[in-house]
Amino acid sequence: MKNRPSGPAAPPEARPLARATGACLAAAALLAPPAAPAQEAGPPAPVGFVHLTDVVQTVQLDIRYHGRANFLGRPVAGYDAPTCIVTAPAAERLRAAQEELRPQGLTLKIFDCYRPQAAVNDFVAWVGDPKSQAGKAEYFPDVDKSRLLELGYIAERSGHSRGSTVDLTLAAVDPAHADGLPTHGPLLPGGEVDMGTPFDLFDVKSHTDNPDLPEAVRHNRQFLKALLARHGFRNLPEEWWHYTLESEPYPDSYFNFPVR
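Each residue of the sequence shown is one higher than the one before, counting from 6 in the working numbering.
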């Protein structure tokens, strides 16, 4: 979930990104996890943003910040739905990557996409709360939480807020018939390819090119990196899961519309 700050710029003209009827929203509210801390939601989605599953129907979503399976241990501010929003160019490049993967028995599995500034603010506030340590064993076992900003694991702005960055991994299309996959080693529970660490582990083991990992893990990380490089994405070296579109359309704009 690395944050990549740079100078702000005014966002382009905005329009709503509607997705569900009032009846559907009411039903979903009955099943939703407890709400994240209330924060200003910001403007609606700008022109040029899309829901990834409208472009790539076969992609798998596991939007961690909408639920409890994240380092905060609760839903994050700004995530009103477990969906992936990205810029249209990023969606098209991910579609091409998925089309290359599917004949090989693999699929992209998405953890996070566009991230509103409200969510980033929630991360920063969490760092300042020493009482909240629920995720330490899984996400930052060897790092003092109070140093996460200092060490660059969390920052006050995120490249995700520009709309062309995704956190993702690979998974088998059919885990029960996974022989012949181009990745190495056994699959993880749920069919994910073994990348050596969990998503969002704040540790040097998460560095993409860490040489001290098993050969199978290094192969799998390089397979993902090469795939996405062919489709115009660059990796953040400190996080094997983090990829940004090289030609992102809003390189200096940080948005704050909710994920819904």
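Backbone N, C-alpha and C fix where the C-beta goes; we use that ideal spot for every residue, glycine too. Source: prediction; values computed, not measured.
Item checked: Residues sharing a beta bridge with R239, DSSP -> If you number the sequence shown from 1, residue 239 lands on position 234. DSSP output for R239 lists T249 as bridge partner(s).
Margin query: Here's the rule: buried if 16 or more other CB atoms are within 10 angstroms of the residue's CB, otherwise exposed. What is H1?
Written below: Here the chain comprises residues numbered 6 to 265, so residue 1 is not present and cannot be evaluated.
Item checked: At least three beta-carbon pairs within less than 8 Å, the segment 64–83 to the segment 219–226 -> By the C-beta criterion, the segment 64–83 is judged not to be in contact with the segment 219–226, since fewer than 3 inter-stretch pairs fall below 8 Å.
Next item on the list: Look at the Cβ atom of R107, then the Cβ atom of H236, and state whether they are nearer than 8 Å.
Entry: Here residue 107 corresponds to residue number 102 of the sequence shown, with the count starting at 1. Here residue 236 corresponds to residue number 231 of the sequence shown, with the count starting at 1. Contact flag unset, no.
Item checked: Cα-Cα separation between G196 and C118, rounded to whole angstroms -> Against the sequence shown, residue 196 aligns to sequence position 191. Against the sequence shown, residue 118 aligns to sequence position 113. Looking at the two C-alpha atoms, the distance is approximately 21 Å.
Margin query: With distance defined between alpha-carbon atoms, name the residue in P87, H165, R100 nearest to P256.
Written below: If you number the sequence shown from 1, residue 256 lands on position 251. Per the Cα distances, H165.
Note to self: Among the candidates G157, F228, D214, A160, whose CA atom is the shortest distance from the CA of G190?
What the structure shows: In the sequence shown, the residue the question calls residue 190 occupies position 185. Looking at the Cα atoms, F228 is the closest of the given residues.
Item checked: Beta-carbon proximity list for V178, same chain, < 6 Å, skipping 5 on both sides -> For the purposes of this step, residue 178 is taken as residue 173 along the sequence shown, with counting starting at 1. Excluding sequence neighbours, V178 sits near G110, T112.
Notebook entry, point to check: Is the number of C-beta pairs between the segment 198–206 and the segment 243–250 that are closer than 8 Å three or more?
Noted result: Under the Cβ criterion (8 Å, minimum of three pairs), the segment 198–206 counts as touching the segment 243–250.
Note to self: Along the chain, where does the alpha helix (DSSP H) containing L57 start, and where does it finish?
What the structure shows: Taking the sequence shown and counting its residues from 1, one reaches residue 57 at position 52. Run containing L57: 57–60, per the alpha helix (DSSP H) assignment.
Notebook entry, point to check: Where H224 and L233 are concerned, what is the direct C-alpha to C-alpha distance, given to the nearest angstrom?
Noted result: Position 219 of the sequence shown, counted from the first residue, corresponds to residue 224. Position 228 of the sequence shown, counted from the first residue, corresponds to residue 233. Each residue's Cα considered, the two are about 14 Å apart.
Next item on the list: Could you give the DSSP three-state label for D117: helix, strand or coil?
Entry: Position 112 of the sequence shown, counting from 1, holds the residue named residue 117. Strand.
Check: How far does the beta strand (DSSP E) with D172 in it reach, from first residue to last?
Finding: Here the question's residue 172 lines up with position 167 in the sequence shown. 170–177 is the extent of the beta strand (DSSP E) around D172.
Check: Taking C-beta to C-beta, are V198 and T174 nearer than 8 Å?
Finding: Start at 1 with the first residue of the sequence shown, and residue 198 comes out as number 193. Start at 1 with the first residue of the sequence shown, and residue 174 comes out as number 169. Contact: yes.
Margin query: Tell me the DSSP secondary structure of V64 in three-state form.
Written below: The residue given as residue 64 occupies position 59 in the sequence shown. In the structure shown, V64 sits in coil (DSSP, three-state: anything other than H, G, I, E or B).
Margin query: Quick test of your reading: I115 and L57, contact by CB under 8 Å. State the CB separation rounded to the nearest angstrom.
Written below: The residue you call residue 115 lines up with position 110 of the sequence shown. The residue you call residue 57 lines up with position 52 of the sequence shown. I115 to L57, Cβ: 7 Å. Contact.
Notebook entry, point to check: Around the C-beta of K136, are 16 or more other C-beta atoms found within 10 angstroms, so that it is buried, or is it exposed?
Noted result: Within the sequence shown, the letter at position 131 stands for residue 136. Around the CB of K136, fewer than 16 other CB atoms lie within 10 Å, so the residue is classed as exposed.
Notebook entry, point to check: Which residues bound the beta strand (DSSP E) around V91?
Noted result: For this step, residue 91 is matched to residue 86 along the sequence shown. Looking at the DSSP string, the run of the beta strand (DSSP E) that includes V91 is 90–92.
Checklist line | C-alpha gap between V125 and K230, whole angstroms | finding: Against the sequence shown, residue 125 aligns to sequence position 120. Against the sequence shown, residue 230 aligns to sequence position 225. Between V125 and K230, the C-alpha separation is close to 25 Å.
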